[in-house]
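Peer 1: Protein sequences appear in the order of chains A and B.
First residue of the first sequence? That's 830 in the numbering used here, and the numbers climb one at a time after it.
First residue of the second sequence? That's 3 in the numbering used here, and the numbers climb one at a time after it.
We put the beta carbon where it would ideally sit given N, CA and C, even for glycine.
No experiment lies behind these values; they were computed from the predicted model shown.
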Amino acid sequence: DAGVTQSPTHLIKTRGQHVTLRCSPISGHKSVSWYQQVLGQGPQFIFQYYEKEERGRGNFPDRFSARQFPNYSSELNVNALLLGDSALYLCASSSDSNQPQHFGDGTRLSIL
Amino acid sequence: EDQVTQSPEALRLQEGESSSLNCSYTVSGLRGLFWYRQDPGKGPEFLFTLYSAGEEKEKERLKATLTKKESFLHITAPKPEDSATYLCAVLDEGGSYIPTFGRGTSLIVHP
């Protein structure tokens, strides 16, 4: 079975631009979460969706938004990119709230 | 506020030299504790879930244990391929479905 897949794997943008990152969860998983990870730190929670409804939002500005589609795939959008948005963006899926999350290999976003 | 603290931040071992990584947590109630392994440039890879104090899980050279305040990841006779960052995450039973991650322990095993 395919794991969590994310696209693109790498992305280079300039300040002020916007970006859309995509995630396909493991088949049968209805929960998708997005995390930001900078070097030397653990993943920082951005959003969680379950059955297409937002279940949680982390301490990130309104420039960050996300949605989940009927097939449970998800998009993370970031507007007005800042240099500090450079990071590895991880998507994770799980079958329900008590089960572990399974991660994709992330999108490496670099802002110039 | 939930807190998850991992120690040490970094650990260097010789091949075959057993050791333990620590994850201490402060939550109102534990719904679950998860261990992950992360290789450079990759996403975290799920290793274990622990739900209650006294529980233990094993996989090859790794063994995870849980008490009411902390979890240990024991590495027995490590090999260079065990080199990675090990992350701990805690799920609070207080109504949130979002796990809190520690900062990880970077493990390097020298041949």
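Taking just the CA atoms, how far does B:LEU49 sit from B:LYS65?
Peer 2: Translated into the one-based positions of the second sequence, residue 65 of chain B becomes position 63. Translated into the one-based positions of the second sequence, residue 49 of chain B becomes position 47. Each residue's alpha carbon lies about 10 Å from the other.
Peer 1: Output needed in chain order: residues of the stretch 904 to 929 of chain A with a Cβ under 7 Å from some Cβ in chain B.
Peer 2: Contact annotation: in the stretch 904 to 929 of chain A, residues whose CB is within less than 7 Å of a CB in chain B are LEU919, SER926, ASN927 and PRO929.
Peer 1: Quick one: what's A:PHE876 bridged to in DSSP?
Peer 2: Here the question's residue 876 of chain A lines up with position 47 in the first sequence. In DSSP, A:PHE876 forms a bridge with A:TRP863 and A:ARG886.
Peer 1: What residue from A:ARG851, A:LEU917, A:VAL833 and A:LYS859 has the CA that sits closest to A:ASN900's CA?
Peer 2: Mapped onto the first sequence, residue 900 of chain A falls at position 71. The shortest C-alpha separation from A:ASN900 is found at A:LYS859.
Peer 1: Going by C-alpha to C-alpha distance, which of A:GLN928, A:GLN930 and A:ASP934 sits closest to A:ALA916?
Peer 2: The residue labelled residue 916 of chain A in the question sits at position 87 within the first sequence. Of the candidates A:GLN928, A:GLN930 and A:ASP934, the residue whose Cα lies closest to the Cα of A:ALA916 is A:ASP934.
Peer 1: With a Cβ-Cβ cutoff of 7 Å, do A:TRP863 and A:ALA831 count as a contact?
Peer 2: Position 34 of the first sequence, counted from the start, is the residue given in the question as residue 863 of chain A. Position 2 of the first sequence, counted from the start, is the residue given in the question as residue 831 of chain A. No.
Peer 1: Bridge partners for B:LYS61 per DSSP, in chain order?
Peer 2: Position 59 of the second sequence, counted from the first residue, corresponds to residue 61 of chain B. Residue pairing by DSSP places B:LYS61 opposite B:LEU64 in a beta bridge.
Peer 1: Which same chain residues end up closer than 8 Å to B:SER20 when comparing Cβ atoms and leaving out the 5 residues on each side of it in sequence?
Peer 2: Residue numbering aside, residue 20 of chain B sits at position 18 when the second sequence is read from its first letter. Result list for B:SER20: HIS76, ILE77, THR78, ALA79 and PRO80, in chain order.
Peer 1: Enumerate, from N- to C-terminal direction, the unbroken alpha helix (DSSP H) stretches of 4 or more residues contained entirely within the stretch 66 to 96 of chain B.
Peer 2: none
Peer 1: If you compare alpha carbons, which of B:LEU109, B:TRP37 and B:ILE100 is closest to B:LEU52?
Peer 2: Residue mapping note: residue 52 of chain B aligns to position 50 of the second sequence, counting from 1. Nearest C-alpha to B:LEU52: B:TRP37.
Peer 1: Work out the CA separation of B:SER73 and A:LEU926 for me, nearest whole Å.
Peer 2: What you label residue 926 of chain A is simply residue 97 of the first sequence in a count that begins at 1. What you label residue 73 of chain B is simply residue 71 of the second sequence in a count that begins at 1. Just to set this straight, residue 926 of chain A is Ser in the shown sequence, not Leu. So the two alpha carbons sit approximately 21 Å from each other.
Peer 1: Contact between the stretch 27 to 42 of chain B and the stretch 843 to 859 of chain A: three or more CB pairs below 8 Å?
Peer 2: no
Peer 1: With 8 Å as the C-beta to C-beta threshold (strictly closer), list the residues of the stretch 877 to 898 of chain A near chain B in chain order.
Peer 2: Answer in chain order: GLN877, TYR879, ARG884, GLY885 and GLY887.
Peer 1: Helix, strand or coil for A:GLY857 per DSSP?
Peer 2: Residue numbering aside, residue 857 of chain A sits at position 28 when the first sequence is read from its first letter. Here A:GLY857 sits in coil by DSSP.
Peer 1: Less than 7 Å between the C-beta atoms of B:GLN8 and B:GLY104, yes or no?
Peer 2: Stepping through the second sequence from its first residue, residue 8 of chain B is reached at position 6. Stepping through the second sequence from its first residue, residue 104 of chain B is reached at position 102. Result yes, Cβ atoms of B:GLN8 and B:GLY104 sit closer than 7 Å.
Peer 1: Tell me which same chain residues have a C-beta within less than 6 Å of the C-beta of A:ARG851, skipping the five on either side of it?
Peer 2: For the purposes of this step, residue 851 of chain A is taken as the residue at position 22 of the first sequence. Excluding residues within five positions, the ones whose Cβ falls inside 6 Å are SER836 and GLU904.
Peer 1: With 7 Å as the threshold, decide whether the Cβ of A:GLN865 is near any Cβ in chain B.
Peer 2: Here the question's residue 865 of chain A lines up with position 36 in the first sequence. Not an interface residue.
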